[in-house]
Amino acid sequence: MRPLKSETKREMRPRIVVLGAGLAGLSAAWHLARQSPDLSRIVLEKDDSAGGLCRSRSVDGFTFDYTGHYLHLRDPAMTAWVERLLGDELVEVERRSLIQSHGVRLEFPFQANLHGLPPELVARCLIDFVRASDDLAPPNDAAEPFGRWARRVFGDGIAEAFMIPYNAKLFGVDADELTSEWVAWAVPRPDLEQVVRGALGIANRGMGYNPRFRYPRCGGIGSLPAALAECVADDLQLGAPVARIDAAGRRVQLADGREFAYERLISTLPLAELLHRIEGLVTPGGAPPLSQIAARLRWTAVIDVGLGIDRPEIAGGAHWIYFPEPEYPFYRAGFPSNVCRAMAPEGCSSISVEFSQRPDRPRPSHDELVAAARGGLERAGLLSPEDRIVLSTEALIDPAYVIFDAERTRLVDEALARLDEAGILSIGRFGAWTYSYMERALIDGKTAAERVAAALTPAAR
Ligand SMILES: Cc1cc2nc3c(=O)[nH]c(=O)nc-3n(C[C@H](O)[C@H](O)[C@H](O)COP(=O)(O)OP(=O)(O)OC[C@H]3O[C@@H](n4cnc5c(N)ncnc54)[C@H](O)[C@@H]3O)c2cc1C
755 MRPLKSETKR
765 EMRPRIVVLG
775 AGLAGLSAAW
785 HLARQSPDLS
795 RIVLEKDDSA
805 GGLCRSRSVD
815 GFTFDYTGHY
825 LHLRDPAMTA
835 WVERLLGDEL
845 VEVERRSLIQ
855 SHGVRLEFPF
865 QANLHGLPPE
875 LVARCLIDFV
885 RASDDLAPPN
895 DAAEPFGRWA
905 RRVFGDGIAE
915 AFMIPYNAKL
925 FGVDADELTS
935 EWVAWAVPRP
945 DLEQVVRGAL
955 GIANRGMGYN
965 PRFRYPRCGG
975 IGSLPAALAE
985 CVADDLQLGA
995 PVARIDAAGR
1005 RVQLADGREF
1015 AYERLISTLP
1025 LAELLHRIEG
1035 LVTPGGAPPL
1045 SQIAARLRWT
1055 AVIDVGLGID
1065 RPEIAGGAHW
1075 IYFPEPEYPF
1085 YRAGFPSNVC
1095 RAMAPEGCSS
1105 ISVEFSQRPD
1115 RPRPSHDELV
1125 AAARGGLERA
1135 GLLSPEDRIV
1145 LSTEALIDPA
1155 YVIFDAERTR
1165 LVDEALARLD
1175 EAGILSIGRF
1185 GAWTYSYMER
1195 ALIDGKTAAE
1205 RVAAALTPAA
1215 R
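In this text, residue positions in the sequence shown follow my numbering: the first is 755, and each later residue adds one.
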């Protein structure tokens, strides 16, 4: 690596540099400022606004998140903190999510609400679930392929009608290329009684990780990072894309050449990107270089197509609907104006249509995506040919979902351990290269701030 420019006297010398001002980076800065005000710090964010994935965009009176972002808070400290940050602006909402399958709409989750599906399919799902329950052995393989896991835990009927096609569509790979490591919090397993009751039409509401969620009254989810960014405004450098990191010299260089020295680095950049940007780390004998690890990490992107519709009612008030079947080119459609009326102008409603996009495949044009969204929504009976689309926007989320393949855990563990030894904590949804949520990002930032502060206290030095 070319030696970095020597520092001038006027150059800032922060001891802690945070990369990225999404929720994880903002939380790290907030906790550092409160808990270790004597340690200087700076947050470098490439975009012109803070928030990362948790931002909102407003166009012509419509507000869209980067697909629906709903707060499911469980940690008491995080809950109290978010409540303090947003005050009366935070409202609680009871989830209304559905699944479109075999021409009907079922309550979420599929496995506990089979009523309404063709009777033959309900019978198959039930019989296979009972058989699976009889032989349900604890997994002997933490990285059990997802398809095999779904068949073992739910039986072939439920696995084939929902679990396998939905997740293959979302992640853009065959279900057995995925492991089941990420399912613990995301996929609820009902007991036999719940499955039978759901098959008979006795609704099993409130299952899963987000039966109720919090959301800002107006402004979209972007209100949360906006409130947080205000508290750490003095530490934020927006429009500051990190180009490379000299891990040996402990310096970060921006695309414009500015440099920042650090004693500890907290990075929330996608791990694959961070590893490509790092230079100067000695590779232990026999271990793969970090750039090789980066090249083997896989993910999928999402294109979020936001539509404004010229009528106030949409989808019977549903908040979002899952689409496991191939006749629908998207995996989920959300209805922001059903969650929060302020997301669309009076007399209108809004839809956020989520297309999975493999990063290595050509991206369809905006017109193609809008036509595909409209076609699928009409086939599902959610739009009629008379409905007018008064607005369409599009956002690429890349990366959006980490692919948990058989290599992921070993590669990520190896990379994070080597970074840690070099004084770099890689955290957040993509820093830890995992499947997680907003509360987790806030907790990650807090934990990283505590670890860094502990390492830099005089006793530890
Ligand atoms: C489709 C989708 C739906 C979701 N829905 C929900 C939901 O309903 N509820 C929920 O709790 N969670 C949801 N999540 C998860 C949630 O968005 C994340 O867990 C959380 O926002 C991650 O925050 P983060 O700070 O870890 O990462 P990010 O928000 O990705 O922040 C990383 C930051 O780093 C910056 N950056 C990247 N490269 C550079 C560079 N070279 N230089 C400087 N800065 C850089 C980025 O611009 C970004 O601001 C969803 C995620 C997706 C993809």
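Every residue gets a Cβ at the ideal spot worked out from N, C-alpha and C, and that includes glycine.
In this text, all values refer to a predicted model and were calculated from it rather than measured experimentally.
Residue i beta carbon near ligand 1 (any heavy atom closer than 7 angstroms)
i       : result
Pro995  : yes
Ala1203 : no
Tyr824  : yes
Asp750  : What the structure shows of the chain is the stretch from 755 to 1215, and residue 750 is not part of that stretch, so it cannot be assessed.
Gly776  : yes
Met1192 : yes
Cys808  : yes
Asp1114 : no
Arg1012 : no
Leu1136 : no
Arg1183 : yes
Val1056 : yes
Glu1168 : no
Thr1147 : no
Leu1025 : no
Ala799  : In the sequence as presented, Ala is not what sits at residue 799; that position holds Glu. Yes; taking the cut-off as 7 angstroms, the Cβ of Glu799 has a heavy atom of ligand 1 nearer than that.
Thr719  : For the chain, the structure presents residues 755 to 1215; residue 719 sits outside this window and is missing.
Leu852  : no
Ala697  : Because the chain here runs from 755 to 1215, residue 697 falls outside it and cannot be looked at.
Leu773  : yes
Gly815  : no
Proximal residues to residue i (C-beta, below 8 angstroms), its chain only, five neighbours per side dropped
i       : result
Glu1017 : Arg769, Ile770, Arg1004, Gly1177 and Leu1210
Asp1121 : none
Ala1207 : Leu786, Gln789, Ser790 and Leu793
Gly837  : Here residue 837 turns out to be Glu, not Gly, going by the sequence shown. Hits under 8 angstroms: Leu844.
Arg1117 : Ile1057, Gln1111 and Leu1150
Pro1038 : Arg1172
Ser1138 : Glu1132
Val1236 : What is shown of the chain runs 755 to 1215, which leaves residue 1236 out entirely.
Assumed close pair residue i, residue j - CB separation to whole angstroms, cut-off 8 angstroms
i       : j       : result
Val1107 : Phe1084 : 5 angstroms
Asn867  : Asn958  : 6 angstroms
Ile1157 : Arg1052 : 4 angstroms
Ile1105 : Val1124 : That pair is no contact at about 11 angstroms.
Ser781  : Ala1195 : 7 angstroms
Gly1062 : Ala1098 : 6 angstroms
Pro970  : Leu840  : 6 angstroms
Arg902  : Asp928  : So it is not a contact: roughly 12 angstroms between Cβ atoms.
Glu852  : Glu861  : Checking the sequence shown, residue 852 turns out to be Leu, not Glu. That belief holds up - the Cβ atoms of Leu852 and Glu861 are roughly 6 angstroms apart, short of 8 angstroms.
Ile1047 : Leu1029 : 6 angstroms
Gly976  : Gly822  : The Cβ separation is near 13 angstroms, so there is no contact.
Ser810  : Asp819  : 5 angstroms
Ser1103 : Arg1065 : 6 angstroms
Tyr1189 : Tyr1076 : Going by Cβ atoms, the distance from Tyr1189 to Tyr1076 rounds to 16 angstroms, so no, they are not a contact pair.
Ala994  : Glu799  : 6 angstroms
Close-in-space but distant-in-sequence residues of the same chain around residue i (CB under 6 angstroms, 5 per side omitted)
i       : result
Lys763  : Residue placement at Lys763 is poorly supported in this model, since its pLDDT is 38, which falls under 50; the coordinates still yield a value, given next. Closer than 6 angstroms at Cβ, skipping near neighbours: no residue.
Glu765  : Because Glu765 carries a pLDDT of 44, less than 50, the predicted location of this residue cannot be relied on, and no value is offered for it.
Val797  : Val772, Ala775, Gly779, Ala783, Asp989 and Leu990
Glu898  : Ser934
Thr1147 : Val813 and Gly1060
Gly1034 : Met755, Asp1000, Ala1001 and Ala1002
Arg1031 : Arg998 and Ile999
Arg878  : Gly911
Own chain, CB closer than 7 angstroms to residue i, minus 5 neighbours either side, in chain order
i       : result
Ser1055 : A quick correction: the sequence has Ala, not Ser, at residue 1055. Taken in chain order, the residues that qualify are Gln1111, Pro1113, Leu1150, Ile1151, Asp1152, Pro1153 and Ala1154.
Leu758  : No answer about Leu758 holds up, because its pLDDT of 43 lies below 50 and its placement is not dependable.
Tyr824  : Asn964, Phe967 and Tyr969
Arg1205 : Leu1179
Lys923  : Pro1078, Tyr1085 and Ser1110
Phe900  : Asn921, Ala929, Asp930, Leu932, Thr933 and Ser934
Ala1069 : Ile1075, Phe1089, Asn1092 and Leu1136
heavy atom of ligand 3 below 7 angstroms from residue i C-beta
i      : result
Leu924 : No copy of ligand 3 occurs in the structure displayed; its ligands are ligand 1 alone.
Three CB pairs or more closer than 8 angstroms across the region 986-1001 and the region 845-854: Fewer than three pairs of CB atoms, one per stretch, sit closer than 8 angstroms, so the region 986-1001 makes no contact with the region 845-854.
The region 1192-1207 / the region 812-831 touching (three or more Cβ pairs under 8 angstroms): Enough Cβ pairs lie closer than 8 angstroms, so yes.
Contact between the region 854-869 and the region 947-957 (3+ Cβ pairs under 8 angstroms): yes
The region 872-885 in contact with the region 902-913 per 3-pair CB rule at 8 angstroms: yes
Cβ contact check for the region 1021-1028 and the region 1067-1084: 3 or more pairs under 8 angstroms: no
Runs of beta strand (DSSP E) wholly within the region 973-1061 (minimum 3 residues, chain order): 996-1000, 1005-1008, 1013-1015 and 1018-1021
Length-filtered (4 minimum) alpha helix (DSSP H) runs lying within the region 1058-1124: 1090-1093
Alpha helix (DSSP H) runs contained entirely in the region 852-908, provided each spans 4 or more residues: 873-888 and 900-908
In chain order, each alpha helix (DSSP H) run of at least 4 residues that lies wholly inside the region 910-979: 918-925, 937-940 and 946-953
Alpha helix (DSSP H) runs wholly inside the region 765-792, at least 4 long, in chain order: Entirely contained in the region 765-792, the alpha helix (DSSP H) runs reaching 4 residues are, in chain order, 777-789.
Uninterrupted beta strand (DSSP E) stretches inside the region 1178-1213 (no shorter than 3 residues): 1178-1180
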